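S.K.:
2 protein chains.
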Amino acid sequence: MRLITADDMEEIALGAAVLGTGGGGDPYIGKLLAIEALRRHGPVQLLDIDALDDDDLIVPAAMMGAPTVMIEKIPQGDEIIRAFREMESYLGRSITATMSIEAGGLNSTTPFSVAAALGLPLIDADGMGRAFPEIQMVTMSIDDISATPFTLADDKGNTLLINTVDNLWTERFARTAVIEMGCSAMLACFPMTGRQLKQAAVPGTISLCQRIGRAIRQAHNDGQSPIEAVLEVTGGYRLFGGKIGDIQRRTVRGFTRGQAVIAGSGRWTNQQCTLQFQNEFLVAQTERAVLASVPDLITILDAETGEPITTESLRYGFRVEVLGIPCNERWRTPKGLSLVGPQYFGYDFPYVPLEERVQQREQ
Amino acid sequence: MRLITADDMEEIALGAAVLGTGGGGDPYIGKLLAIEALRRHGPVQLLDIDALDDDDLIVPAAMMGAPTVMIEKIPQGDEIIRAFREMESYLGRSITATMSIEAGGLNSTTPFSVAAALGLPLIDADGMGRAFPEIQMVTMSIDDISATPFTLADDKGNTLLINTVDNLWTERFARTAVIEMGCSAMLACFPMTGRQLKQAAVPGTISLCQRIGRAIRQAHNDGQSPIEAVLEVTGGYRLFGGKIGDIQRRTVRGFTRGQAVIAGSGRWTNQQCTLQFQNEFLVAQTERAVLASVPDLITILDAETGEPITTESLRYGFRVEVLGIPCNERWRTPKGLSLVGPQYFGYDFPYVPLEERVQQREQ
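Below is the structure:
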């Protein structure tokens, strides 16, 4: 166990945005909200997954919506508290701890707000090891853990409690409700016992976020390359570099969808890389080959500062580096790929692990 | 108090479809479901509104969706039970009685199914004295009684519990959820104390339904006009008669919307009447004048049999009579008209009580 203070949030939010693969919410807003909560309520205990008792009750906290909207519609602060109260009242017992459901600028930091306000410890883990756009896309689904009861709260004072026969139905009901809520809402989901969580979660995600964030800042201070620092901490690969050209982005059915084209420079001169996204980056490809695809992580960093660039902050003319980071091994199982593989997202090519794609390209 | 048996349901469903003003669900399906429940579980107690204790807990039961879909997607039977269980578990107390939220072929009879299955008495009242398409359109809204907690259950096993800041928000969330549920779902709503109900509800609706249904059957047996019989029991007016011509009908955002044109016959020869509907008939008008509008009841009866015709059973060539029936007085207050007056439905003319319109036309 260690205490997380407001001072830690800069590094955590920065590293989380790297694992957020373009989604998971705006890191700046997420950081500010968490820092404010930590300053007001005091530090939050970060617990290792092993510190949980088997019958503890853990409820992840998150924000749901289209990043294009979330960036302009900042939570009031009490939405997540109302979502948690509704969950506790429905389950008839107290929540032991909270955690992130995904890594991402906002969704790694959001749970700190509720942990601080409710005096709950926060588990050093998440349900993806990255960010994904849909609710059922968590390692808990691989273990058939239900997303429900699932509570949603909006900024107006409305709450919803959902109970569904599977996690795809949770996604459907929650998504349409979030659209009615103005395309962003706070939620409590996947209530789990300590025993379930130990088996189902991706451990150590918050610590990893902080290590990544710290490496970027350190490299900066030392005049080193922040890109190299991220690659070292994450075991990732440099896939492409260049300048952002055309961007198509639209908010569809509660998601931010679109694509961006990068004109290569340096060793990628005369090549072109297309990034496709649904809240998160899904596929990076050149005219010749797929460079990386879900469930592996595709992260876009500012070529100079190493700052992660989200799908809603992509701008024409930005000089960027495209990084690939291997995903958690559980996503590479047949059940994992059926949930988040390229074919689930409508692509007709099979999943090939990032490391193999890199190797093939280097031959 | 009196007992309602399967034998009463024919008359109740028939009369309810008259008050259903074209909506409120298919009377045939509603009747069959209620009869089956009453045969299996035994008769249901029909309680006068005055028999309630002030602290009784009454929860209306209903079906929600587009009539065009409901006619083909028959409830499994346990949806409404699950909606009630979810409501009781959330409120942490037992429900004393149930009732209809609206008069209508299905929504007058649906509560008998749940009353029979759960052994609850049914209150002789409803929240409209007719049918309306949206959740907030009940006399309880005039008294600022909340529609929530509000539970929805579908045929697949999914349930939703909604808590909103006002009843318009309940309508929004429930409607989008019902669309995801396949355009029809069962629900429990407007949990009320006996004290609230006595002030807010329209009393005697089930008895009135039965009187209307009985009058139609009696007239039939006696070789009398069923139309005259309905007019006598309801205090209504004959507004138009003729043959149905063009019908436009589409399922939009979970509603059945459209219009039908009637070519006049008899004393209306060479005139034409247009009926506009959103689940229920909203406006009846000729080229010259509005004949009747919400909140007054517009009911279409088969000219020969006196059977009510719902918006989804309108067919080219049917010979029909258009009846107008004065609505409950509470709908004619400023607050009532703001909820269900013609202007709420997008029409630019002011509400004129049916009786005045009839008088003006006769001059």
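Those protein sequence lines, which keep their order, are chains B and D. The first sequence begins at 1 in my numbering and counts up one residue at a time. The second sequence begins at 364 in my numbering and counts up one residue at a time. All residues carry an ideal CB built from backbone N, CA and C; glycine is no exception. If you're wondering where the values come from, they're calculated on a predicted model, not measured in any experiment.
Looking only at its own chain, which residues have a Cβ that is under 6 Å from the Cβ of B/Y237, when we skip the five neighbours before and after it?
M.R.: Hits under 6 Å: G324, V358.
S.K.: Taking Cβ-Cβ distances below 8 Å as the criterion, which residues of the stretch 234 to 254 of chain B are in contact with chain D?
M.R.: Against chain D - using a Cβ distance shorter than 8 Å - the stretch 234 to 254 of chain B contributes no residues.
S.K.: So if DSSP puts D/R616 in a beta bridge, which residue, or which two residues, is it bridged to?
M.R.: For D/R616, which the question treats as bridged, DSSP gives no partner whatsoever.
S.K.: Rounded to whole angstroms, how far is the Cβ of D/V593 from the Cβ of D/I579, which I believe are closer than 8 Å?
M.R.: 6 Å between Cβ atoms; contact.
S.K.: With D/A494 and D/G386 assumed to form a contact (beta carbons below 8 Å), what rounded beta-carbon distance in angstroms separates them?
M.R.: With a Cβ gap of about 4 Å, D/A494 and D/G386 count as contacting.
S.K.: Less than 7 Å between the beta carbons of B/P60 and B/C189, yes or no?
M.R.: For B/P60 and B/C189, yes; Cβs fall inside 7 Å.
S.K.: Pop quiz: B/Q259 and B/F240 are said to be a contact at Cβ under 8 Å. What is the actual Cβ separation, rounded to whole angstroms?
M.R.: Not a contact, Cβ separation roughly 14 Å.
S.K.: Fully enclosed by the stretch 387 to 437 of chain D, which alpha helix (DSSP H) runs are 4 residues long or longer?
M.R.: For the stretch 387 to 437 of chain D, whole alpha helix (DSSP H) runs of length 4 or above, ordered along the chain, are 390 to 404, 430 to 433.
S.K.: Which ranges would you report for the alpha helix (DSSP H) in the stretch 524 to 593 of chain D if only whole runs of at least 4 residues count?
M.R.: List check, alpha helix (DSSP H) in window: 530 to 543, 557 to 563, 568 to 585.
S.K.: When burial is assigned at 16 or more other CB atoms within 10 Å of the CB, is B/Y316 buried or exposed?
M.R.: When all chains shown are included, B/Y316 counts as exposed.
S.K.: Which stretch, first to last residue, makes up the alpha helix (DSSP H) that contains B/A83?
M.R.: From DSSP, the alpha helix (DSSP H) with B/A83 extends over 79 to 91.
S.K.: Whose C-alpha, out of B/E356, B/P149, B/I145, is nearest the C-alpha of B/R332?
M.R.: Ranking B/E356, B/P149, B/I145 by Cα distance to B/R332 puts B/E356 first.
S.K.: How close, in whole Å, do the beta carbons of D/M372 and D/K394 come, if the pair is a contact with beta carbons under 8 Å?
M.R.: Confirmed, Cβ separation roughly 5 Å.
S.K.: Rank D/Q611, D/G605, D/A369 by C-alpha distance to the C-alpha of D/A478 and give the top, closest one.
M.R.: Of the candidates D/Q611, D/G605, D/A369, the one whose C-alpha sits nearest the C-alpha of D/A478 is D/A369.
S.K.: Across the stretch 459 to 471 of chain D and the stretch 484 to 493 of chain D, are there enough close Cβ pairs to call them in contact, namely three or more that are closer than 8 Å?
M.R.: At 8 Å Cβ cutoff, the stretches touch.
S.K.: Compare the C-beta of D/A540 against all C-beta atoms of chain B and say whether one is closer than 7 Å.
M.R.: By this cut-off, D/A540 is an interface position.
S.K.: Would you please state the rounded distance, in angstroms, between the beta carbons of D/G383 and D/G467? I believe it to be under 8 Å.
M.R.: With 8 Å as the limit, D/G383 and D/G467 qualify as a contact, their Cβ atoms being about 3 Å apart.
S.K.: Are the C-beta atoms of D/L523 and some chain B residue less than 7 Å apart?
M.R.: By this cut-off, D/L523 is an interface position.
S.K.: Which residues does DSSP pair with D/F603 in a beta bridge?
M.R.: DSSP output for D/F603 lists D/V685 as bridge partner(s).
S.K.: Excluding sequence positions up to five away, which residues of its chain have a Cβ less than 8 Å from the Cβ of D/L454?
M.R.: For D/L454, where only same-chain residues beyond five positions count, the Cβ hits under 8 Å are L420, P512, P554.
S.K.: DSSP three-state label for B/P367, please.
M.R.: Coverage of chain B is limited to positions 1 through 363, which leaves residue 367 of chain B absent and any answer about it impossible.
S.K.: Does any residue of chain B bring its CB to less than 7 Å from the CB of D/N526?
M.R.: Yes, because at least one Cβ of chain B sits closer than 7 Å to the Cβ of D/N526.
S.K.: Between the C-alpha atoms of D/T522 and D/R616, what's the straight-line distance to the nearest angstrom?
M.R.: Cα to Cα, the separation comes out at about 20 Å.
S.K.: Given a cut-off of 7 Å, decide if B/C273 and B/D296 are closer than it, judged by their beta-carbon atoms.
M.R.: The answer is no: Cβ separation not under 7 Å.
S.K.: Which word fits B/Q248, buried or exposed, when buried means at least 16 other C-beta atoms lie within 10 angstroms of its C-beta?
M.R.: Looking at its Cβ environment, which holds fewer than 16 other Cβ atoms inside 10 Å, B/Q248 is exposed.
S.K.: If you count every other CB in all the chains shown that lies within 10 Å of the CB of B/N270, and 16 or more means buried, which is it?
M.R.: B/N270 comes out exposed.
S.K.: What are the partner residues of D/G627, as DSSP defines its beta bridges?
M.R.: Per DSSP, D/G605.
S.K.: Checking 7 Å against the spacing of the C-beta atoms, do B/A289 and B/I298 come in under that value?
M.R.: Contact: no.
S.K.: Taking B/G346 as the reference, which of B/R330, B/E321, B/V294 has the closest Cα?
M.R.: Nearest of B/R330, B/E321, B/V294 to B/G346, Cα basis: B/V294.
S.K.: Identify, in the order they occur along the chain, each residue of the same chain with its Cβ nearer than 8 Å to the Cβ of B/L3, setting aside the five sequence neighbours on each side.
M.R.: Excluding sequence neighbours, B/L3 sits near P43, V44, Q45, L46.
S.K.: Check the Cβ-Cβ distances between B/G266 and every residue of chain D, and say whether any is below 7 Å.
M.R.: By this cut-off, B/G266 is not an interface position.
S.K.: Tell me the residue span of the beta strand (DSSP E) that contains B/S146.
M.R.: Element bounds for B/S146: n/a, residue is neither H nor E.
S.K.: Out of B/D155, B/R172, B/D55, B/G157, point me to the one whose CA is closest to B/N163's CA.
M.R.: B/N163 has its Cα closest to that of B/R172, out of B/D155, B/R172, B/D55, B/G157.
S.K.: For D/T307, report the span of its alpha helix (DSSP H) as first-last.
M.R.: Any question about residue 307 of chain D goes unanswered here, given that chain D covers just 364 to 726.
S.K.: Measuring CA to CA, which of D/P713, D/Y714, D/G586, D/Y707 is closest to D/P496?
M.R.: Of the listed residues, the one whose Cα sits closest to D/P496 is D/Y707.
S.K.: Drop a sphere of 10 angstroms on the beta-carbon of B/D364, count the other beta-carbons inside from all chains shown, and report buried for 16 or more, exposed for fewer.
M.R.: Limits of chain B in this structure are 1 at one end and 363 at the other, which puts residue 364 of chain B out of reach.
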